Every structure is written in structure tokens, then in C-alpha cells.
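Q:
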Amino acid sequence: MSEMSIWEHFVNTMKYKYATASGRASRKEYWSFVLCSIMITFIAMILDEIWGTKEAISKTIYIIFLIPSLTITIRRLHDINKSGFWYLIQIIPVLGTIYLLYLMIKPTQPNDNQYGSSLLNK
0 MSEMSIWEHF
10 VNTMKYKYAT
20 ASGRASRKEY
30 WSFVLCSIMI
40 TFIAMILDEI
50 WGTKEAISKT
60 IYIIFLIPSL
70 TITIRRLHDI
80 NKSGFWYLIQ
90 IIPVLGTIYL
100 LYLMIKPTQP
110 NDNQYGSSLL
120 NK
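Taking numbering that gives the first Met the number 0, the leading residue of the sequence shown gets 0, the next gets one more, and so forth.
#1: Quick check on glycine 83: does DSSP put it in helix, strand or coil?
#2: How big is the Cα-Cα spacing for tryptophan 6 and isoleucine 42?
#3: Please classify tyrosine 101 as buried or exposed, where buried requires at least 16 neighbouring CB atoms within 10 angstroms.
#4: Compare the Cα-Cα distances from serine 4 to each of Thr19, Trp30, Ser21 and report the closest residue.
#5: My output table needs one value for asparagine 11: the three-state DSSP class, helix, strand or coil.
#6: Since isoleucine 60 and isoleucine 39 are thought to touch, with beta carbons under 8 Å apart, how far apart are those beta carbons, to the nearest angstrom?
#7: Sort Lys53, Ile45, Phe9 by Cα distance to arginine 26 and report the nearest one.
#8: Report yes if the C-beta distance between lysine 105 and isoleucine 79 is below 7 Å; otherwise report no.
#9: Rank Glu2, Asn11, Ser21, Lys14 by C-alpha distance to the C-alpha of threonine 72 and give the top, closest one.
#10: Serine 116: buried (16+ other C-beta within 10 angstroms of its C-beta) or exposed?
#11: What number of angstroms, rounded off, separates the C-alpha of methionine 44 from the C-alpha of leucine 69?
#12: How should tyrosine 15 be labelled, buried or exposed, when 16 other C-beta atoms within 10 angstroms of its C-beta is the threshold for buried?
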């Protein structure tokens, strides 16, 4: 079985896991989604500027990515055996966001947990 590319992870998330908060998301799956989302949003911002659409395209992209961004972050937290409620740590200014970033960088938990089987054993 071949390893999925960054784009394949992004498409898989958007197509099959758009609003799925259950299960786990590997570090690679999460960061692939983040990278592609940033690139697409950047392109949308450029198109807004070129076409003079007053941020209509980039706001539409933001709305499209809102739910999958939330759900993949929750699945990433599940992957390191944390509840999705840890997403709310961002309420704490600066430190909360830094701690959430730290959690997103942590490696995949090698064992099965309450949120699903280990992604390393597949």
C-alpha cells in the first residue's frame, strides 16, 4: 500500500471526512490539510485582489474550510488521546494557541485508544 500524498490527504478529508469528528487523524493528514488550505486561501486572496471581488472568494473559501478545519483538529487531538474539547484551549490568549500548536505537532500515539485504532499499525 503506497503512502498518500499531501494533496490526497486534503482531498480525502474534504470528500469523505468533511464533518466527521470521530476517529483519529495522523500528524501527516492534519498538516497536509492545513498546508493545502493555506495555499488555496492564498490563491483565493490573490484572485480577490486581481478581480476586485472585495474578499468574496476568500470568504467563501473560509466558510467551506471552517467545518473540516474544526473536525480534523478534533480528530488530531483524538490521535494523541485528548478530548476534542482541548480545542477550546485557544480561549486563553496566546498561550492557549501555542499549547494547541504543540499538541498538533506531537507524534501519533502508537497504541489504540478510546477514539480508535492506531494509525501506525495500518
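We put the CB at the ideal spot given by N, CA and C, even for glycine.
Note that the coordinates shown come from a computational prediction; the quantities given were computed from them, not determined experimentally.
A: Quick answer:
#1: helix
#2: 16 Å
#3: exposed
#4: Trp30
#5: In the three-state scheme derived from DSSP, where H, G and I count as helix and E and B as strand, asparagine 11 is classed as helix.
#6: 6 Å
#7: Of Lys53, Ile45, Phe9, the residue nearest in Cα terms is Phe9.
#8: yes
#9: Ser21
#10: exposed
#11: Using only the alpha carbons, I get a separation of about 21 Å.
#12: exposed
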